[in-house]
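Whatever position you read off the sequence shown (first residue = 1), add 585 for this note's numbering.
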Amino acid sequence: MSISFEKALGIHQQALSFRAQRGEVLANNIANADTPNYKARDLDFASVLAQQSEKAAHGSFQATRTNEHHIAAEGFEIADASLKYRVPFQAAIDQNTVDAQLEQSNYTENAMQFQASFTFLNSKFKGLMNALRGE
């Protein structure tokens with residue numbers, strides 16, 4: 586009898602991946618806080634996770650190559666299309682839309698949620714290991 590990690594872990598594996606991607610996006614925003622014309626972006630975590638859940642429930646889309654010269658669609662992330670530009674609360678003179686305090690707050694919140702997801706997945710793996718050992 587084999588163990589399906591996708592069934593055992595559920596959506597939590599993808600949630601951790603999307604939290605990591607959101608952390609990168611927010612870190613880019615913070616790093617570009619002083620860059621003229623930089624537009625702050627964010628990943629809508631709830632909609633990405635909902636899309637992933639729906640995809641898992643109804644089967645996934647499989648892209649096929651009709652010509653050997655076409656680029657394979659492997660590794661395409663659903664989160665790429667879910668990156669949205671953030672609407673600023675107050676316009677800056679240099680057209681930069683980054684609010685450093687908001688970005689740092691969002692980054693900290695995302696980091697805590699990432700840690701919580703990681704802790705949850707870790708407990709799932711410990712449970713699987715205990716089951717394999719017969720404990």
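From the three backbone atoms N, C-alpha and C, an ideal C-beta is built for every residue, glycine too. Being a predicted model, the structure only gives us computed values, none of them experimental.
Coil, strand or helix - residue i by DSSP
{"i": "Ser718", "result": "At residue 718 the sequence reads Arg, which differs from the Ser that was named. Arg718: helix per DSSP, three-state reduction."}
{"i": "Tyr692", "result": "helix"}
{"i": "Lys669", "result": "strand"}
{"i": "Asp619", "result": "coil"}
{"i": "Gln680", "result": "coil"}
{"i": "Phe674", "result": "coil"}
{"i": "Glu639", "result": "helix"}
{"i": "Asn652", "result": "coil"}
Whether residue i touches residue j by CB criterion (8 Å)
{"i": "Leu611", "j": "Tyr670", "result": "no"}
{"i": "Ala696", "j": "Gly608", "result": "yes"}
{"i": "Asn614", "j": "Glu694", "result": "no"}
{"i": "Arg604", "j": "Ser702", "result": "yes"}
Option nearest residue i by Cα separation, candidates the options
{"i": "Pro621", "options": "Thr682, Phe699, Leu687, Met714", "result": "Thr682"}
{"i": "Val633", "options": "Asn614, His654, Leu713, Leu601", "result": "Leu601"}
{"i": "Asp679", "options": "Arg718, Tyr623, Gln606, Ala701", "result": "Tyr623"}
{"i": "Phe674", "options": "Ala625, Ile596, Gln606", "result": "Ala625"}
{"i": "Val765", "options": "Asp627, Ile596, Gln698", "result": "Outside the shown range of the chain (586 to 720) lies residue 765, about which nothing can therefore be said."}
{"i": "Gln606", "options": "His654, Ser690, Phe699, Thr704", "result": "Phe699"}
{"i": "Ile596", "options": "Asn652, Glu639, Leu717", "result": "Glu639"}
Whole-Å CB distance - residue i paired with residue j, under 8 Å assumed
{"i": "Leu706", "j": "Gln598", "result": "7 Å"}
{"i": "Ala618", "j": "Ala685", "result": "5 Å"}
{"i": "Leu594", "j": "Lys709", "result": "6 Å"}
Enclosing beta strand (DSSP E) for residue i [first to last residue]
{"i": "Asp627", "result": "626 to 628"}
First and last residue of the uninterrupted alpha helix (DSSP H) at residue i
{"i": "Gln598", "result": "597 to 616"}
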